[in-house]
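Colleague: Following this message is one structure expressed as structure tokens.
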Ligand SMILES: [Zn+2]
């Protein structure tokens, strides 16, 4: 939308909206179809596949928590103008199905066909853990789904999307190899990854770590005394040298675990959101490499 004086903004926006819908079935004024993703990680993956032929945006901003997000009326209007909404699925965005239904927007689930790892503990035990993108190998399935969906949306660019998808799949494989090689240095008796949210089973599987957490998913985060006690017991029993927390939640309960056990606070990990462009993880590939480096440094160089 162009910048307009505030007073006439509302009326003119409606006029522009009507014109845009009438002219190009919801496409932007620059002619590119609009793809709306639920969070920044997915937007970056989608933009790599789209390669500029589609206009890719994220509903949630960098640093905003995606699990319990409540779409605003402006978000619903945005979805009504979108040509496609992409969500992660696997229960990540409980709000996405109703949101796209309300907006009448077509929707594609990026994780379709992925074999989920079930949540192991707490109220959601047995449900799929939604954080499948934390395995770059699994993210290749997201790429395939996006290539197919984008090719349906803009068949004239299908070859472009396919080529971008192949190139990005190769980058995902390199990110996986970097992840495994960064974490290979962690000694066998220190390969326990302790985080606030249970967001790391896919990464832990790929890297040969075990994962432990305070709460299973951020939508129900609470860090009850029982959850804290459970993690404290594990850290003591396993001699875990360092514990971690994620960028979109408070690290206070994990700092409590560190203080109670003498483990180091190993740093901030990124899962549910990219950073701003000038931050530590402006892209998904940066996010994977940043987390691998942070975990490896803290678990190999720990104080114990
Ligand atoms: Zn999460």
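Residue numbers (mature numbering (1 follows the signal peptide of the UniProt record, and there is no 0)): -23 to -1, 1 to 281. Idealized CB from N, CA, C, for every residue including glycine. Treat the numbers as computed from the prediction; the structure is a model and nothing was measured.
1. Tell me residue 223's beta-bridge partners as DSSP assigns them.
2. Measure the Cβ-Cβ separation of residue 163 and residue 277 and say whether it is below 8 angstroms.
3. Express the C-alpha separation of residue 237 and residue 118 in angstroms, rounding to a whole number.
4. Going by the C-beta, is residue 104 closer than 7 angstroms to any heavy atom of ligand 1?
5. For ligand 1, is there any heavy atom lying closer than 7 angstroms to the beta carbon of residue 249?
6. For residue 112, does the count of other Cβ atoms within 10 angstroms reach 16, so buried, or fall short, so exposed?
7. Rounded to the nearest angstrom, what separates residue 225 and residue 40 at their Cα positions?
8. Distance, Cα to Cα, residue 270 vs residue 25?
9. Excluding sequence positions up to five away, which residues of its chain have a Cβ less than 6 angstroms from the Cβ of residue -18?
10. According to DSSP, residue 189 sits in a beta bridge with which residue or residues?
11. Measure the Cβ-Cβ separation of residue 17 and residue 65 and say whether it is below 8 angstroms.
12. Does residue 130 pass the burial test, meaning 16 or more other C-beta atoms within 10 Å, or should it be called exposed?
13. Does the beta-carbon of residue 232 have 16 or more other beta-carbons within 10 angstroms, so that it is buried, or is it exposed?
14. Inspect the beta-carbon positions of residue 120 and residue 139 and report whether they are closer than 8 angstroms.
15. Ignore the nearest five residues each way along the sequence and tell me which others in residue 187's own chain have a CB closer than 8 angstroms to its CB.
16. How many Å lie between residue 230 and residue 78 at the Cα?
17. If you measure from the CB of residue 176, is any heavy atom of ligand 1 nearer than 7 angstroms?
18. Please list the segments of the beta strand (DSSP E) lying wholly inside the segment 34 to 120, counting only runs of 3 or more residues, in order along the chain.
19. What is the DSSP secondary structure of residue 14, reduced to helix, strand or coil?
20. If you drop the 5 nearest sequence neighbours on each side, which residues of the same chain put their C-beta closer than 8 angstroms to that of residue 103?
21. Residue 235 to residue 214, Cα distance in whole Å?
22. Which first and last residues belong to the alpha helix (DSSP H) in which residue 138 is found?
23. Should residue 18 be counted as a contact of ligand 1 given a C-beta to heavy atom distance under 7 angstroms?
24. Should residue 37 be labelled buried (16 or more other beta-carbon atoms within 10 Å of its own) or exposed?
25. Does DSSP put residue 200 in a helix, in a strand, or in coil?
26. How about residue 108 and residue 176: do their beta carbons lie closer than 8 angstroms?
27. From the DSSP output, which residues share a beta bridge with residue 131?
28. Nearest-angstrom Cα distance between residue 245 and residue 258?
Modeller: Working from what's here:
1. In the DSSP assignment, residue 223 forms a beta bridge with 246.
2. yes
3. 41 angstroms
4. no
5. yes
6. Buried is the call here.
7. 6 angstroms
8. 23 angstroms
9. Low confidence applies to residue -18: its pLDDT is 36, below 50, so where it sits in the model is not reliable enough to give any reading.
10. Beta-bridge pairing links residue 189 to 171.
11. no
12. buried
13. exposed
14. no
15. In its chain, beyond the 5 residues on either side, 168, 169, 170, 181 have a beta carbon closer than 8 angstroms to the beta carbon of residue 187.
16. 37 angstroms
17. yes
18. 61 to 64, 84 to 86
19. strand
20. Answer for residue 103: 95, 96, listed in chain order.
21. 14 angstroms
22. 135 to 161
23. No.
24. Looking at its Cβ environment, which holds 16 or more other Cβ atoms inside 10 Å, residue 37 is buried.
25. coil
26. Note that the C-beta distance between residue 108 and residue 176 is below 8 angstroms.
27. For residue 131, which the question treats as bridged, DSSP gives no partner whatsoever.
28. 11 angstroms
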